[in-house]
Amino acid sequence: NTVSNLIMIIPPIFGAIQSIKDGLEKRYIAAYLALTVVGMGSWCFHMTLKYEMQLLDELPMIYSCCIFVYCMFECFKMKNSVNYHLLFPLVLFSLIVTTVYLKVKEPIFHQVMYGVLVFVLVLRSVYIVIWVYPWLRGLGYTSLGLFLLGFLLWNIDNIFCDSLRNFRKKVPPVLGVTTQFHAWWHILTGLGSYLHILFFLFGIWPVVMFEPLRKH
Numbered sequence: 008n009t010v011s012n013l014i015m016i017i018p019p020i021f022g023a024i025q026s027i028k029d030g031l032e033k034r035y036i037a038a039y040l041a042l043t044v045v046g047m048g049s050w051c052f053h054m055t056l057k058y059e060m061q062l063l064d065e066l067p068m069i070y071s072c073c074i075f076v077y078c079m080f081e082c083f084k085m086k087n088s089v090n091y092h093l094l095f096p097l098v099l100f101s102l103i104v105t106t107v108y109l110k111v112k113e114p115i116f117h118q119v120m121y122g123v124l125v126f127v128l129v130l131r132s133v134y135i136v137i138w139v140y141p142w143l144r145g146l147g148y149t150s151l152g153l154f155l156l157g158f159l160l161w162n163i164d165n166i167f168c169d170s171l172r173n174f175r176k177k178v179p180p181v182l183g184v185t186t187q188f189h190a191w192w193h194i195l196t197g198l199g200s201y202l203h204i205l206f207f208l209f210g211i212w213p214v215v216m217f218e219p220l221r222k223h
């Protein structure tokens, strides 16, 4: 469960570096780095199992999703600018969730708030692949499918944890390790999130390509 977070740490770092080299807007660099922070926080939590590290794991999930939402709604714009009308509500949402979660310490609250952000991302993604950029359908559905598969395995691991542990005691370690569904949750959601960054990153390409034609 610790080392499986590497997929959320290493690839996004290279993505951020490449984004800087390509001169992309800062929101895409922030998306890559946010995913890296989630992976590092999850690494620290699973390595130590301390409450402080749990916060370092869970709260960045909220912040990174807010960045993803911002990028998803800004991938069609023509100018390099900051949408404060969208940025302010997302920052306020993050602050409220952080304050309430630190006060109530209820995991269900965090999961519901995270689910709300994921729901917004799903709706926006479906809108883009159906009505705006159908050519992104494969990438969009793949990233969403990987994330949902990871979510499914995470729930299976939570519900059948004892049964899976007993099963791993009866089979060779090579086979047993494949049933570490929480680790698969890290891998699949990390890969799905990375592809989702590429998804809204590719959304700016038609804008970039056709902008010179608009000027003529």
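The numbering of the sequence shown is my numbering, which starts it at 8 and goes up by one. Cβ atoms here follow ideal geometry from the backbone N, Cα and C, with glycine treated the same way.
{"Query": "Run of the alpha helix (DSSP H) containing Met-224, from where it starts to where it stops", "Result": "Residue 224 lies beyond the range of the chain shown here (8 to 223); nothing can be said about it."}
{"Query": "Neighbour-count burial assignment, Trp-138, 16 or more Cβ in a 10 Å radius", "Result": "exposed"}
{"Query": "Expected contact under 8 Å - CB spacing of Cys-51 and Leu-63 to nearest Å", "Result": "6 Å"}
{"Query": "Burial state of Phe-21 (16 or more Cβ within 10 Å)", "Result": "exposed"}
{"Query": "Element boundaries [alpha helix (DSSP H), containing Thr-106]", "Result": "91-111"}
{"Query": "contact_flag[the stretch 53-67, the stretch 76-96] where n(CB pairs < 8 Å) is 3 or more", "Result": "no"}
{"Query": "Separation of Lys-177 from Ala-38, as counted between CA atoms", "Result": "42 Å"}
{"Query": "Within 8 Å, strictly: CB atoms of Tyr-108 and Phe-116", "Result": "yes"}
{"Query": "Reduced DSSP category for Leu-182 - H, G, I as helix; E, B as strand; rest coil", "Result": "helix"}
{"Query": "Residue span of the alpha helix (DSSP H) that contains Phe-188, given as start and end", "Result": "188-209"}
{"Query": "Rounded C-alpha distance that separates Gln-25 from Met-47", "Result": "20 Å"}
{"Query": "Contacts around Phe-158, its chain only, beta-carbon distance under 8 Å, and the 5 residues preceding and following it disregarded", "Result": "Trp-192, Thr-196"}
{"Query": "Beta-carbon contacts of Arg-175 that lie in its chain and below 7 Å, excluding the five residues immediately before and after", "Result": "Gly-183, Thr-186"}
{"Query": "Beta-carbon separation (whole angstroms), Leu-205 vs Leu-146, contact threshold 8 Å", "Result": "6 Å"}
{"Query": "For Leu-93, the nearest candidate out of Glu-113, Arg-34, Val-119, Val-129 (CA to CA)", "Result": "Arg-34"}
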